[in-house]
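Reviewing the structure listed below.
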Amino acid sequence: MAEPGSGSQAAERALKDAMRAVAPAGISTCCRWIGEGDEALLLPLESKTVSARNASRRRMSGAARHAARILLAERGLVDVSIPRAPSGEPLWPAGIAGSLAHDDEMAVAAIGSAAEFSAIGIDVEPSVPLPADISTLVRHKDDRPGMWDGYPLGVRLLFSAKEAVYKAVFPVDHVILDYGEIAVDLENGQARTVTGRIVRLAFCVTPRVVAIAFIAREAG
């Protein structure tokens, strides 16, 4: 894990701009380069819920929650705890739908109004091709990569989209889904789960692969 510096600050700015450019209206995004000491960003209640995890995981959790708190503060919710549920998902304050994610270097967060979105999920990945052995597990016959078929980051994007979809729908349906149970249509920006959920997708592939999955509530 690299120490925060000018390079990491530039990486943060670039990813913030990229996520902001693709995020749907009503969903706010933020990111933080993970650094030594970020475990101290966990609030007391959060620290209790991740206490059994190793130092690296606590660091990642602290960075992701710090990014989320920046977004919450923009909505008037200051110093709010985001504890981890026993089933693993973050517990958001009333009126908020959201998601957290991280890779080894960068943490990301996405939030929106629960009145507008019934589910939000986010995933972040390095912009490198997925290893072949994992690629065979991720891609299935019902996936429609479209223009991304054969692109070096195509399967990595499929992977990220499925991770984001899972994070969005699990708190709603409480169903564990395998990669083959989430069909992703990258061309049309949506996914369908084996449970029948239709989830919209937004994504970028540089400077990192980020997928945002969301279910908007119907107007009226």
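The sequence shown begins at 743 in my numbering and counts up by one.
Note that CB positions come from ideal geometry on N, CA and C, so glycine has one too.
These numbers were taken from a predicted model, which means no experiment stands behind them.
Item to check | G840 - partner residues in DSSP beta bridges | outcome: By one-based count along the sequence shown, residue 840 stands at place 98. Beta-bridge pairing links G840 to I853.
Item to check | Burial state of I876, where buried means 16 or more other Cβ atoms lie within 10 Å | outcome: For the purposes of this step, residue 876 is taken as the residue at position 134 of the sequence shown. When all chains shown are included, I876 counts as exposed.
Next on the checklist: So if DSSP puts D964 in a beta bridge, which residue, or which two residues, is it bridged to?
Outcome noted: The displayed coordinates of the chain run from 743 to 962. Any statement about residue 964 would go beyond what the structure contains.
Checklist entry - Would DSSP call R826 helix, strand or coil? => result Position 84 of the sequence shown, counting from 1, holds the residue named residue 826. R826: strand per DSSP, three-state reduction.
Checklist entry - Buried or exposed: which applies to L928, given that a residue is buried once 16 or more other Cβ atoms fall within 10 Å of its Cβ? => result By one-based count along the sequence shown, residue 928 stands at place 186. Looking at its Cβ environment, which holds 16 or more other Cβ atoms inside 10 Å, L928 is buried.
Checklist entry - Would you report the Cα separation of L900 and A806, rounded to the nearest angstrom? => result Translated into the one-based positions of the sequence shown, residue 900 becomes position 158. Translated into the one-based positions of the sequence shown, residue 806 becomes position 64. A straight line joining the alpha-carbon of L900 with that of A806 spans about 22 Å.
Item to check | Rounded C-alpha distance that separates L842 from W890 | outcome: As a first step, residue 842 is located in the sequence shown; it is residue number 100 there, counting from the start. As a first step, residue 890 is located in the sequence shown; it is residue number 148 there, counting from the start. Cα to Cα, L842 sits roughly 25 Å from W890.
Item to check | Unbroken beta strand (DSSP E) run spanning R934, endpoints | outcome: For the purposes of this step, residue 934 is identified with residue 192 of the sequence shown, where counting begins at 1. First-last of the beta strand (DSSP E) with R934: 932-935.
Next on the checklist: Buried or exposed for I776, going by 16 or more other Cβ atoms inside 10 Å?
Outcome noted: Taking the sequence shown and counting its residues from 1, one reaches residue 776 at position 34. I776 should be labelled buried.
Next on the checklist: Contact between the stretch 828-844 and the stretch 881-896 is defined here as three or more beta-carbon pairs at a separation below 8 Å; is this criterion met?
Outcome noted: Flag = no, the stretch 828-844 and the stretch 881-896 do not touch.
Next on the checklist: So, with DSSP's three-state summary, where would you put V941?
Outcome noted: By one-based count along the sequence shown, residue 941 stands at place 199. Shown here, V941 sits in a strand according to DSSP, grouped into three states.
Checklist entry - To the nearest angstrom, how far is it from the Cα of P786 to the Cα of N930? => result Residue numbering aside, residue 786 sits at position 44 when the sequence shown is read from its first letter. Residue numbering aside, residue 930 sits at position 188 when the sequence shown is read from its first letter. Those two C-alpha atoms are separated by around 42 Å.
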